Amino acid sequence: MKRVLAALLTGTMLVAMGCVAVQTEETEEVDKNETIVVYTNNGGEGREQWLVDRAAEEGYNVQVVHGGASEITQRLIAEKNNPLCDVIFGLNNIEYEKLKANDLLEAWEPNWTDGVDESLIDADGLYYPVTTTPLVLIGNAEYEDMPSDWIDLVDEKYKGLYQLHALNGGTAQTVYASIISRYPDPEGELGISEEGWEIAAAFLGNAHNIVEGEDSIGDVIDGTYPMDEHWASGVITEQNERDYKFQIMTPEVGEPFVVESVAIAKGTEKYDLCVDFLNWLGSSDIQLEWSNEFGTIPCQADALDNVSDDLKELMDMLTPQDLDWAFIAENIDAWVEKAELEFIQ
1 MKRVLAALLT GTMLVAMGCV AVQTEETEEV DKNETIVVYT NNGGEGREQW LVDRAAEEGY
61 NVQVVHGGAS EITQRLIAEK NNPLCDVIFG LNNIEYEKLK ANDLLEAWEP NWTDGVDESL
121 IDADGLYYPV TTTPLVLIGN AEYEDMPSDW IDLVDEKYKG LYQLHALNGG TAQTVYASII
181 SRYPDPEGEL GISEEGWEIA AAFLGNAHNI VEGEDSIGDV IDGTYPMDEH WASGVITEQN
241 ERDYKFQIMT PEVGEPFVVE SVAIAKGTEK YDLCVDFLNW LGSSDIQLEW SNEFGTIPCQ
301 ADALDNVSDD LKELMDMLTP QDLDWAFIAE NIDAWVEKAE LEFIQ
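Residue 341 in the numbering used here sits at position 341 of the sequence shown, and the numbers go up by one each step.
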């Protein structure tokens, strides 16, 4: 836990007041009867219903549109001239940079940034971090040949023994990018060396691709597919609900950590209500509740101090992988397209 918190919180200055030139005055009382349309990749495993119900307790009327991270981004781009979204919750920096490039985000400033690492905040004041999510490979408790690194899975002995999510989602894209970005080559195809593409082909080709409706976690537990790529918060949830303890792969290079943020969609007619709602959603109290319910790792210092014991135990095992996010953001769409055309069976 200390290694992770140090990577997130130390060596940087906390955000000072006035760091973003947007309205900072307290908004007038807003009409909470209006519906807030929330686009999110954080709707699974009971999250959507929890958010709707918990927001209702505070008087907010929330409608959730749930999809994969890339799916949400593409939908927002497609709706640019007829915006339907008010608030974006979740998504990682890669997706937010795409939204920025398409001028789809409103500038704003929350009232809870004092306890957040400044380096995690968008310099243009368009999106603000609420959670960080390690992505891991989990294994059946009795499985005796757990790999030590993602690239070990290119070995034929692992063919058909591990599950991957669809590449249109943020989890699968980030894991994939964290692997092939280890093999940069300015002269190589799409900036990747020949060895990197060989690794990518074997990694994706050996996997079972999870189909909608499959119980991927159940398949790990019963040994049908003894390994699965998963997000840390989901691991905690599944362990608690199924009374089961997974093996967790811990590569020497670390695990890809994804920072998820909140933002206001450009074109909303409920700007003040959106700010009010996100001030509530991103607050340390609510993020701690969210963490205790779903095992997420809050970016707020106050909430981090009070996460659950099982999350602390998991985080003690994990170290953030050093990734070149600029390189990844520039190339990820092309990398995914190549993979879908050539490697995924």
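We put the CB at the ideal spot given by N, CA and C, even for glycine. Values in this document were obtained by computation on a predicted structure and should not be read as measured data.
Contact check for Lys159 and Asn206: beta-carbon distance about 4 Å, within the 8 Å limit, so the pair qualifies.
Excluding five sequence positions before and after Thr171, the CB atoms of its chain that fall closer than 7 Å to its own CB belong to Leu135, His165, Glu229 and Trp231, given in chain order. Listed as beta-bridge partners of Glu194 by DSSP are no residues whatsoever. In this structure, the straight-line span from the alpha carbon of Asn42 to that of Glu48 is close to 7 Å.
Lys157 counts as exposed, since fewer than 16 other C-beta atoms from the protein chains shown sit within 10 angstroms of its C-beta. Burial state of Phe246 is buried, judged by a 10 Å Cβ sphere holding 16 or more other Cβ atoms. Separation of Gly196 and Val220 (C-alpha to C-alpha, rounded to the nearest whole angstrom) is 28 Å. Taking all protein chains shown into account, Asn92 has 16 or more neighbouring C-beta atoms within 10 Å of its C-beta and is therefore buried.
Contact annotation: Asn279 and Pro110 have beta-carbon atoms nearer than 7 Å. For Met227, the enclosing beta strand (DSSP E) starts and ends at Met227 to Trp231. In the three-state DSSP reduction, Tyr60 falls in the coil class, being neither helix nor strand.
Secondary structure at Thr113: helix, using DSSP grouped into helix, strand and coil. Phe257 sits in a strand when the DSSP states are folded into three classes. Beta-bridge partners of Ala265 (DSSP): Leu105.
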